[in-house]
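Novice:
4 protein chains.
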Amino acid sequence: MSKVIKNGTIVTHDRTYKADVLVENGVIAEIGPDLKGDETLDASGCYVMPGGIDPHTHLEMPFMGTYSTDDFDSGTRAALAGGTTMVVDFALPSPGQGLLDALKMWDNKSTRAHCDYSFHMAVTWWSEQVFNEMETVVKERGINTFKHFMAYKGALMVQDDEMYASFQRIGELGGIAMVHAENGDVVADLQQKLLAEGNTGPEAHAYSRPPQVEGEAANRAIMIADMAGVPLYIVHVSCEEAHEAIRRARQQGKRVWGEPLIQHLTLDDSEYMNKDWDHAARRVMSPPFRNQKHQDSLWAGLQAGSLSVVATDHCAFTTEQKRYGVGDFTKIPNGTGGLEDRMPMLWTHGVETGRLTPEEFVAVTSTNVAKVLNCYPRKGAILPGADADIVVWDPEKTKTIHADTQVSAIDYNVFEGKEVKGLPRFTLTRGHVAVHDGELRSQEGHGEFVKRTPNTATNKALSRWKELTAPRPVERSGIPASGV
Amino acid sequence: MSKVIKNGTIVTHDRTYKADVLVENGVIAEIGPDLKGDETLDASGCYVMPGGIDPHTHLEMPFMGTYSTDDFDSGTRAALAGGTTMVVDFALPSPGQGLLDALKMWDNKSTRAHCDYSFHMAVTWWSEQVFNEMETVVKERGINTFKHFMAYKGALMVQDDEMYASFQRIGELGGIAMVHAENGDVVADLQQKLLAEGNTGPEAHAYSRPPQVEGEAANRAIMIADMAGVPLYIVHVSCEEAHEAIRRARQQGKRVWGEPLIQHLTLDDSEYMNKDWDHAARRVMSPPFRNQKHQDSLWAGLQAGSLSVVATDHCAFTTEQKRYGVGDFTKIPNGTGGLEDRMPMLWTHGVETGRLTPEEFVAVTSTNVAKVLNCYPRKGAILPGADADIVVWDPEKTKTIHADTQVSAIDYNVFEGKEVKGLPRFTLTRGHVAVHDGELRSQEGHGEFVKRTPNTATNKALSRWKELTAPRPVERSGIPASGV
Amino acid sequence: MSKVIKNGTIVTHDRTYKADVLVENGVIAEIGPDLKGDETLDASGCYVMPGGIDPHTHLEMPFMGTYSTDDFDSGTRAALAGGTTMVVDFALPSPGQGLLDALKMWDNKSTRAHCDYSFHMAVTWWSEQVFNEMETVVKERGINTFKHFMAYKGALMVQDDEMYASFQRIGELGGIAMVHAENGDVVADLQQKLLAEGNTGPEAHAYSRPPQVEGEAANRAIMIADMAGVPLYIVHVSCEEAHEAIRRARQQGKRVWGEPLIQHLTLDDSEYMNKDWDHAARRVMSPPFRNQKHQDSLWAGLQAGSLSVVATDHCAFTTEQKRYGVGDFTKIPNGTGGLEDRMPMLWTHGVETGRLTPEEFVAVTSTNVAKVLNCYPRKGAILPGADADIVVWDPEKTKTIHADTQVSAIDYNVFEGKEVKGLPRFTLTRGHVAVHDGELRSQEGHGEFVKRTPNTATNKALSRWKELTAPRPVERSGIPASGV
Amino acid sequence: MSKVIKNGTIVTHDRTYKADVLVENGVIAEIGPDLKGDETLDASGCYVMPGGIDPHTHLEMPFMGTYSTDDFDSGTRAALAGGTTMVVDFALPSPGQGLLDALKMWDNKSTRAHCDYSFHMAVTWWSEQVFNEMETVVKERGINTFKHFMAYKGALMVQDDEMYASFQRIGELGGIAMVHAENGDVVADLQQKLLAEGNTGPEAHAYSRPPQVEGEAANRAIMIADMAGVPLYIVHVSCEEAHEAIRRARQQGKRVWGEPLIQHLTLDDSEYMNKDWDHAARRVMSPPFRNQKHQDSLWAGLQAGSLSVVATDHCAFTTEQKRYGVGDFTKIPNGTGGLEDRMPMLWTHGVETGRLTPEEFVAVTSTNVAKVLNCYPRKGAILPGADADIVVWDPEKTKTIHADTQVSAIDYNVFEGKEVKGLPRFTLTRGHVAVHDGELRSQEGHGEFVKRTPNTATNKALSRWKELTAPRPVERSGIPASGV
Ligand SMILES: [Zn+2]
Ligand SMILES: [Zn+2]
Ligand SMILES: [Zn+2]
Ligand SMILES: [Zn+2]
Ligand SMILES: [Zn+2]
Ligand SMILES: [Zn+2]
Ligand SMILES: [Zn+2]
Ligand SMILES: [Zn+2]
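Chains as they are written, first to last, in UniProt numbering: chain L, 1 to 484; chain E, 1 to 484; chain U, 1 to 484; chain C, 1 to 484.
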């Protein structure tokens with residue numbers, strides 16, 4: 001059954017124009033004036049945009065014998081409710097576990113997804129098995145992005161030499177390296193010091209992960225990626241220090257992308273000073289929220305293009321789970337929600353204020369993600385042949401964010417009480433109208449895995465440059481050739 | 001008569017894919033597999049890209065009672081020969097001359113154009129007449145860009161207060177401010193000093209316009225544009241100093257674009273040290289060529305996105321004209337050619353080396369220009385409905401640049417002897433095949449003026465932000481209200 | 001009558017040690033253990049430091065037919081009360097007035113000084129007379145510093161070409177250029193715009209002089225000084241933008257010094273939002289107070305050495321005088337006090353917090369000033385033969401700053417209510433004990449003019465470098481020498 | 001027997017003046033006009049300056065079963081010949097060896113010293129023993145500086161967590177942390193990769209240690225020092241990347257010093273491209289020489305004050321020793337000479353060119369070293385009571401550097417053939433005239449160990465600031481305190 005989106009204004013990352021959109025068999029069949037279909041979606045007064053893509057989620061992530069509360073069911077429903085039509089989750093092997101083995105677990109969990117999804121593969125330890133399986137992950141499983149944790153010492157963290165080896169392997173495979181950038185050694189020591197000094201509350205979580213440790217790690221990852229000749233994607237850039245390292249790298253021609261989160265763009269570290277322990281603990285994530293100076297830096301980065309995409313790191317734990325850390329902040333599960341609110345919050349604080357144009361909004365919430373991760377223009381585009389992942393955005397629609405009316409499965413919302421202006425009227429996932437005039441009509445299991453191939457144009461260009469500038473031996477006849 | 005471009009790989013600023021292109025009535029009618037038309041252009045092994053747009057030319061520019069040698073005839077033929085399908089020239093009023101009066105002169109000259117063109121309007125003096133005519137220029141003549149010269153003291157140069165007034169006016173009209181950024185006071189003094197010291201040769205031209213004077217002026221223009229709340233486009237960014245000012249501005253959320261020239265990207269200041277006076281004098285332009293450090297900065301800027309487009313400032317004077325300045329470098333007419341070689345030189349030194357991807361090449365030579373100047377996607381796009389300004393680019397085709405085989409009317413070429421790899425097989429201007437398998441078949445007078453409207457999304461966003469953050473009076477009851 | 005300062009710890013810009021100081025005939029006669037003199041000043045528990053030097057004051061400055069209220073009498077008494085033993089004031093010619101003529105007026109006013117003083121000469125207009133008199137000012141009057149106003153359009157402001165000419169002249173004379181850095185054209189326009197929009201209160205003074213206009217002017221002055229080959233001293237650096245320009249210049253080997261004021265280090269722009277008009281108007285100075293970000297930048301500059309000295313720009317107007325500007329902020333006389341409080345405020349917020357060491361405190365309040373202005377070690381030193389300008393500093397002494405107990409002649413204090421820790425026990429001016437255990441015993445007319453000679457080592461080094469790197473003509477035989 | 005240095009011009013880090021200097025019992029007894037002594041040294045036409053202090057040498061350093069060739073005998077003779085009167089060497093424990101044990105070895109070697117010396121203590125592994133002995137090293141042995149190697153994996157290198165633990169310990173003891181900053185993991189991998197690719201020559205040494213790995217490590221050490229609250233001294237800063245990290249840190253108020261070497265200031269990486277293997281191998285040191293861009297950065301750093309001292313890292317291996325690495329660059333012993341030439345080379349390229357003033361020369365070669373390392377003003381000063389470590393510098397004396405006329409024991413000189421202008425006429429070490437009119441008359445065993453105490457003013461200030469800004473727990477009543 002075909003559908004036509006009528007009377008809207010199409011906004012993509014590079015143009016804005018009035019046209020109807022005809023959707024057939026889950027893809028965009030035609031774009032133009034006066035189109036007709038079996039069903040009509042009225043987009044009067046609305047922008048018709050590529051559905052959001054969240055490049056960074058953790059749905060049903062294992063943690064201390066339990067799981068993050070939003071799974072591929074509630075998580076992708078929340079996504080759709082907020083105009084996001086694709087998520088990219090992280091397959092996380094336990095230390096010693098094979099990559100393919102871990103992927104199977106994520107395959108299982110993701111069968112419930114209401115929208116399309118893809119995976120990043122995490123490299124949490126290093127061995128010949130990991131080295132070998134990386135090839136299969138890229139070539140057979142359609143995953144070209146590998147994440148490394150520079151923090152979480154004793155758990156997910158890898159050492160510099162492991163990271164360098166992995167980055168070189170990624171380079172050979174034409175993939176993209178990713179890092180969670182915080183100096184795990186220093187964080188671990190700071191945690192112990194803070195606990196020893198009686199700093200046990202959630203605010204100490206922020207104290208233990210200051211901007212300096214993030215900036216340092218970002219800078220280090222950039223150097224290692226440069227030496228390995230591989231493009232680098234730095235997740236959850238929260239501070240000026242990390243952003244500065246990225247800017248500096250880009251100004252040397254390095255291929256580095258930075259991903260700020262909607263939380264860091266709109267919330268600050270005063271949240272951790274809240275007298276209510278629950279309030280503070282619910283905001284515990286890594287990196288923590290920062291102050292105004294850092295927020296300004298992130299916004300400017302989106303404007304200038306030195307930061308590329310906006311994500312959520314959605315990893316939702318209930319208050320009950322958060323309370324594991326009463327008396328010891330290091331036991332508070334790390335993570336906050338955001339999937340449902342990323343698009344409205346960014347529109348409200350970005351487009352409504354004039355910091356971003358609507359086209360830039362589309363770029364950072366969708367198109368840039370699809371381009372960097374290599375699923376454009378199947379995703380992130382309003383083009384004939386593209387998947388019909390579309391959000392019909394009503395810029396006049398408003399609401400106040402409340403936990404008790406949200407789709408996400410957790411019992412609170414870090415944006416509680418915030419007014420937003422700009423919300424989905426319709427959200428389509430591969431043609432299915434998952435949000436209809438604000439009403440959620442999504443289908444469990446509708447989502448499919450999106451393969452992403454390696455060897456992007458960026459990989460090729462970088463490799464060419466590295467070859468051109470590679471070390472060459474000096475030719476000498478007779479060595480050594482001289483006396484004094 | 002329809003034409004179909006077959007078997008090529010389409011490359012736009014955001015995607016690369018195999019498809020044929022059907023051209024009818026001067027526009028792109030269809031894109032897809034297996035298209036048919038009356039005439040077939042074989043693009044096997046080629047990239048099908050938006051024709052280049054040169055945002056900065058001076059064709060038949062009046063100078064000392066004569067004119068720059070390439071006019072809208074030879075200049076646009078040279079453009080097409082090199083894959084460029086649109087030029088934007090500068091209408092330059094003499095001091096005291098009205099804007100509309102000057103435009104008439106440019107209208108007359110441009111009737112001979114072989115490809116489409118548009119104009120920037122220069123503000124070379126300030127008065128109520130200028131203020132008033134600016135509105136007509138924008139609303140009736142379809143020009144939204146206004147250029148200001150911060151150098152050429154006693155001729156085109158405007159003072160800070162004039163520039164600030166003009167920028168505010170542009171802001172009201174929804175236009176974009178442009179500047180030639182060099183501190184004209186200091187240049188004028190340096191010129192006199194150098195002449196007095198016996199530095200009369202063309203190398204003294206470079207000495208008289210060091211990077212510092214360009215960086216200073218760029219920085220000043222940025223501040224004034226910020227105060228006026230208007231987007232700013234800085235032409236011919238040649239050095240790290242100006243680039244640094246632009247980067248710094250962008251990192252504060254300012255809307256500033258920088259335009260490096262192909263000459264500054266690929267030639268350096270050692271040219272002025274040539275023992276052959278003619279060799280050096282032919283390279284005299286403002287700003288002059290710079291050293292390797294500055295070139296590296298410009299390339300990195302294109303890679304990082306802190307610089308946006310590549311132009312030529314094509315303003316071609318013959319050797320005979322250059323020799324006006326024998327014995328006094330200040331009399332050497334300023335300007336070099338480049339229109340014919342911009343695309344091949346940038347492909348060779350950018351794409352072939354891996355510094356730029358093919359998509360980035362399209363962006364900086366065409367699409368970004370069209371977007372910033374607001375004629376996208378009529379220009380700069382391979383999309384149904386877009387003008388059929390297309391270059392079929394053969395990445396394996398090579399040549400050595402020689403003045404005696406060039407299309408441009410001047411008697412030398414600043415790129416003489418350079419090998420290029422990557423050249424047009426076909427160039428189409430609104431559907432007309434102006435270059436056919438390397439053979440020039442362009443038509444005098446085929447070119448049309450391209451109107452460009454004001455109030456871009458960037459203008460609107462910037463204005464909104466400026467309103468939000470505008471000064472507000474403090475409310476006081478009783479003034480003054482206190483004793484000590 | 002000799003005096004000995006006993007039992008104190010001497011702190012200079014480069015060392016800290018216990019020793020007594022013997023003073024005879026106004027100079028330091030001896031430093032060592034167990035010294036004896038006719039009179040003993042007990043420095044137990046105190047630091048014995050070079051008296052402060054304020055490089056930037058405006059005592060009895062003419063303004064709108066009246067004068068700034070603190071003159072060389074009350075001003076220098078206030079200085080001594082706060083531990084400052086020398087001030088450097090600005091001789092300001094009216095437009096058209098000769099330099100020597102203006103100096104005579106300042107000679108007359110300064111006869112009342114209680115402590116030593118020197119003058120900077122202002123260049124407020126340009127002519128052959130000014131050019132010629134500059135030599136006399138340097139060679140006969142012992143003044144090697146020339147100040148230029150880039151703001152105050154229509155009054156003191158000079159144009160770029162005038163400034164460049166003056167800077168070159170200063171270079172020839174071996175002097176040092178100084179600037180008040182704000183873009184006067186933009187300020188003037190902003191003032192008119194703000195008034196027109198009903199922004200008439202003192203907060204509009206801050207709106208009219210944002211950090212951008214200061215940063216721009218600083219950057220411009222630096223470039224012009226670089227072209228002229230002259231060292232540059234930028235007064236009242238209030239913001240990150242100007243500081244950034246200075247840092248950038250210094251990192252290119254340029255000889256530039258920046259002078260933050262104690263007001264900008266410790267007060268912020270929220271003062272202008274005060275509901276009390278008088279409160280806000282009393283803080284009106286140029287540049288205005290800035291926010292925390294800028295304060296942090298200034299403190300770090302003092303720590304890093306990118307900023308060199310701390311001054312006051314003391315220019316004190318009474319509340320009555322400030323009220324000239326009721327209804328029109330542009331008529332509020334610009335200037336605040338600070339002479340009396342500079343040293344205690346800097347000690348409290350610098351040394352007590354650990355941002356500065358005591359030696360760094362001495363450097364930025366005294367020794368660096370003497371070195372840059374070329375009166376070291378006659379001033380700014382605790383060395384045998386140096387003038388006995390000494391402050392015996394009690395780091396445990398505290399007070400709360402109140403206008404009603406101050407020495408300054410004005411009726412308020414911008415630091416009103418601030419607690420300070422660290423105050424003079426004794427202040428000696430050329431051996432005379434002007435402050436005795438907190439009691440003021442200064443003598444009108446005791447102060448003498450301090451000559452400062454040109455051609456410092458910095459001048460010589462800079463000139464040598466400029467010669468080495470000066471433009472050289474290319475030698476050519478036969479010009480032009482070639483055909484195509 | 002007293003000596004008087006007559007008719008010279010004294011130049012210290014802060015002043016220049018004519019005076020005689022009387023030396024008695026190894027210290028400066030008096031400074032003034034017309035002094036008399038038993039022996040007269042004629043300083044006519046000369047500058048009388050504090051003897052140079054080289055903060056970074058490796059005399060008789062153990063390496064692969066042999067030792068670096070210059071020992072405390074030949075090394076300190078070379079030092080004196082070039083005007084350097086004190087060296088600070090590194091006591092290097094083998095992994096597992098105690099600190100005090102290692103110090104004993106250095107005590108033994110240094111008995112032959114001809115000039116005074118001190119030691120830095122290296123922390124090359126981590127244990128409770130090391131932790132405990134650090135206190136003894138500081139309190140009993142008079143060493144307040146602890147060096148850490150971030151490179152030399154498998155040998156001297158320490159991990160981040162060890163470094164952080166050590167830095168915290170240093171902070172408690174009031175000491176100063178030092179690092180050799182290169183990322184050892186990446187260097188080790190690059191070495192293997194280069195060898196595997198057939199890059200076996202000395203140029204591959206440079207390829208294996210690019211500026212990026214140095215900049216990264218410098219940045220990391222700065223962050224760790226900041227977290228530990230300890231001042232940091234970065235040895236042999238060779239490149240813009242490391243310098244940039246230092247500048248950035250200093251601009252955040254961090255207490256970081258950078259030490260460029262005379263080699264990096266005056267020699268570049270083209271040396272490694274020399275066709276003569278010996279020529280290249282003799283220049284092998286870590287970090288390697290860099291290109292012009294980096295040199296410019298280092299010079300500007302000295303001018304701006306962002307870099308503090310100039311050293312040599314003197315570690316001299318003979319050609320024979322260098323040849324251990326024929327066929328495998330990783331086996332070439334790392335190190336070059338410089339002790340003898342540091343002062344003349346810096347004078348020639350710094351003062352003679354106008355980049356540095358004579359006072360700045362004294363600061364970076366002597367006084368700053370003494371201040372940072374805490375032996376000022378016993379060393380680094382021309383003051384009564386200071387050790388008579390004095391160089392009488394003849395600015396007109398010239399020579400061409402040749403290995404066959406040098407004092408150093410090695411068989412070549414990296415500055416071979418360089419002309420220098422500015423050489424010692426006399427060098428005094430604690431009053432002994434070790435160089436007399438160019439003739440070396442030094443005494444083996446004359447040199448004494450210089451104790452350096454902890455808890456400098458910088459330590460105290462930093463600690464105070466860290467206390468003030470330390471994390472504070474939020475006070476909460478009832479945890480958790482809320483529902484949703
Ligand atoms: Zn993470
Ligand atoms: Zn995550
Ligand atoms: Zn121009
Ligand atoms: Zn132009
Ligand atoms: Zn001023
Ligand atoms: Zn002033
Ligand atoms: Zn080392
Ligand atoms: Zn070393």
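Glycine residues also receive a C-beta, built at the ideal position from the N, C-alpha and C atoms.
Compare the beta carbon distance of residue 72 of chain U and residue 113 of chain U with 8 Å and say whether it is the shorter of the two.
Specialist: Against a cut-off of 8 Å, the Cβ pair of residue 113 of chain U and residue 72 of chain U comes out as a contact.
Novice: Helix, strand or coil for residue 32 of chain E per DSSP?
Specialist: If DSSP states are grouped into helix, strand and coil, residue 32 of chain E belongs with the strands.
Novice: With distances taken Cα to Cα, identify the nearest neighbour of residue 426 of chain E among E:19, E:110, E:23, E:41.
Specialist: Ranking the options by Cα distance to residue 426 of chain E, first place goes to E:41.
Novice: Does residue 233 of chain U have its Cβ less than 8 Å from a Cβ in chain C?
Specialist: Cβ-Cβ to chain C under 8 Å: no for residue 233 of chain U.
Novice: Put residue 137 of chain C into one of helix, strand or coil per three-state DSSP.
Specialist: It is helical.
Novice: Which term fits residue 484 of chain L, buried or exposed, when burial requires 16 or more other beta carbons within 10 angstroms of its beta carbon?
Specialist: Only weak support is given to the placement of residue 484 of chain L: the predicted model assigns it a pLDDT of 43, under 50, and the question is left unresolved by the model.
Novice: Which residues mark the beginning and the end of the beta strand (DSSP E) in which residue 400 of chain C is found?
Specialist: It spans 390-400 - the beta strand (DSSP E) in which residue 400 of chain C sits, taken as one unbroken run.
Novice: Return the CA-CA distance between residue 236 of chain U and residue 203 of chain U, expressed in angstroms with no decimal places.
Specialist: Whole-angstrom Cα-Cα distance: 19 Å.
Novice: Which same chain residues, not among the five before or five after residue 342 of chain E, have their C-beta less than 8 Å away from its C-beta?
Specialist: Closer than 8 Å at Cβ, skipping near neighbours: 52, 54, 82, 84, 262, 310, 311, 312, 365.
Novice: Looking at residue 471 of chain U: is its Cβ nearer than 8 Å to the Cβ of residue 207 of chain E?
Specialist: Yes, they are a contact pair.
Novice: If you draw a straight line from the C-alpha of residue 281 of chain E to the C-alpha of residue 322 of chain E, how long is it?
Specialist: Going from the Cα of residue 281 of chain E to the Cα of residue 322 of chain E covers about 6 Å.
Novice: Kindly say whether residue 219 of chain U, judged by its beta-carbon, lies nearer than 8 Å to any beta-carbon of chain E.
Specialist: Residue 219 of chain U counts as touching chain E.
Novice: In chain E, which residues lie with their C-beta within 7 Å of the C-beta of residue 198 of chain U?
Specialist: What residue 198 of chain U touches in chain E: 473.
Novice: Applying a beta-carbon distance threshold of less than 9 Å, which residues of chain E neighbour residue 273 of chain U?
Specialist: Residues of chain E passing the Cβ test: 474.
Novice: Within the continuous beta strand (DSSP E) that includes residue 6 of chain U, where are the two ends?
Specialist: Run containing residue 6 of chain U: 3-6, per the beta strand (DSSP E) assignment.
Novice: Note down the Cα distance separating residue 16 of chain C from residue 44 of chain C, rounded to an integer number of angstroms.
Specialist: Straight-line Cα distance between these residues: approximately 15 Å.
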